[in-house]
Amino acid sequence: MEPGVIGLLILIVLIASTVGVLVKQRPDSWNLPLLRASGGGALLGEDLLGHEAPAGIRAEAAAAEPALPRGGPSLTVLSREEPPEPILLDLTPLSSEPSPLEVLGERLDHVEAQLTSLQQELRDQRAAILRIGVELKLAGEAETARRDMAIERLRGDVLAMVGQIGEERRNAGRDRRAEIISELYARLARLETALGAVTNPVLLPGEPYSPPSEFLTEALIWENWNEVGERAFALADAYSAQRVYLTEQTREELGAFVTALRVTLTRSIYPNLHADADASQQAALRAALEQVALELPRARRALDTEYHAATRE
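So our numbering is basically just the index in the sequence shown, starting at one, shifted up by 15.
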């Protein structure tokens, strides 16, 4: 229910109670007394304010008065030339306290003031709540924006870090691959140098290998081929351990070279190493070395191509 309706109902109840109190406690001074002198003749011909009553009314009044017994008190009739003083009724309340209506008015004013204060306080509270809500909304939006920016920065940093790690891994893998290819190439070159040193000593390191037209005695001694065998085994061992870094084509070509080298050494070269080898044995040895001389450039080209491809990635 609205505050105005409640105040109106309270006002009606207070007015009704005040009227009831006034009706029950009205003072006797409010009743106009019927002023009659002893015998009733003093004011028979005049009204309360001293005006002369009509003749008919006076006659009726005289007839209505009872006859006084003889010897009773005689009526004193006032002279018309001396009218009696009018009777003034004092209607001023005997009590100096404020009337119930005034008290009710003051109470209503106080109630209205309280209602006005409460309404203003309620409006202020609503305004404060709205202001706080707006501030919280703005703060939430700002916090969301800051969080989104922080997330975006973090995402960018993570992506950059992942990219950097991937690049480092790619670089490391590329470097490792190039290093392995270089190692295989070096082992192949050392094998070729050892083969030339035992069979054709006039060749310098880096020159393509070719078998001599005639073998020296040192080339036919078994013990002088130990270094060639060791270099061949080192090349095969490195290829077996590191071939995962090679492309499929290079892996196949180098594997075929290692197999052909083993077969040539065990079947065609080592069996013909004798200090007193005859012409047929030397011819078989020369044919085997010519086959090795054909295989070495193919293996070298395969590793060279693989290395340049790895360093260009």
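Idealized CB from N, CA, C, for every residue including glycine.
At what residues does the alpha helix (DSSP H) containing residue i begin and finish?
i: L145; result: P115 to T214
i: D252; result: N241 to Q257
i: D319; result: A294 to R327
i: F272; result: E263 to T279
Under a Cβ-count criterion, where at least 16 other Cβ atoms within 10 Å of its own Cβ denotes burial, should residue i be classed as buried or exposed?
i: E121; result: exposed
i: P394; result: Because the chain is modelled from 16 through 328, residue 394 falls outside the range shown and cannot be assessed.
i: E229; result: exposed
i: V149; result: exposed
i: E156; result: exposed
i: V177; result: exposed
i: A128; result: exposed
i: I166; result: exposed
i: L151; result: exposed
i: A303; result: buried
i: L250; result: buried
i: V213; result: buried
| said: Three Cβ pairs or more, each shorter than 8 Å: is that satisfied between the stretch 273-291 and the stretch 218-228? | reply: With contact defined as three or more Cβ pairs closer than 8 Å, the stretch 273-291 and the stretch 218-228 are not in contact.
| Within the chosen definition, does the stretch 162-179 reach the stretch 200-213 through at least 3 CB pairs nearer than 8 Å? | Segment contact: the stretch 162-179 against the stretch 200-213, fewer than three CB-CB distances shorter than 8 Å; contact not assigned.
| request: Count the CB pairs spanning the stretch 281-290 and the stretch 310-327 that are closer than 8 Å, and state whether there are at least three. | output: No, the stretch 281-290 is not in contact with the stretch 310-327.
| task | Determine contact between the stretch 310-319 and the stretch 190-205, defined as no fewer than three beta-carbon pairs at a distance below 8 Å. | result | Because the criterion of three Cβ pairs below 8 Å is met, the stretch 310-319 and the stretch 190-205 touch.
| Does the stretch 297-309 come within contact of the stretch 238-255, defined as at least 3 CB pairs closer than 8 Å? | Short answer: they don't touch.
| said: I want to know whether the stretch 303-313 touches the stretch 186-194 - three or more CB-CB distances under 8 Å. | reply: A contact between stretches requires three or more CB pairs, one per stretch, nearer than 8 Å, and the stretch 303-313 fails this requirement with the stretch 186-194.
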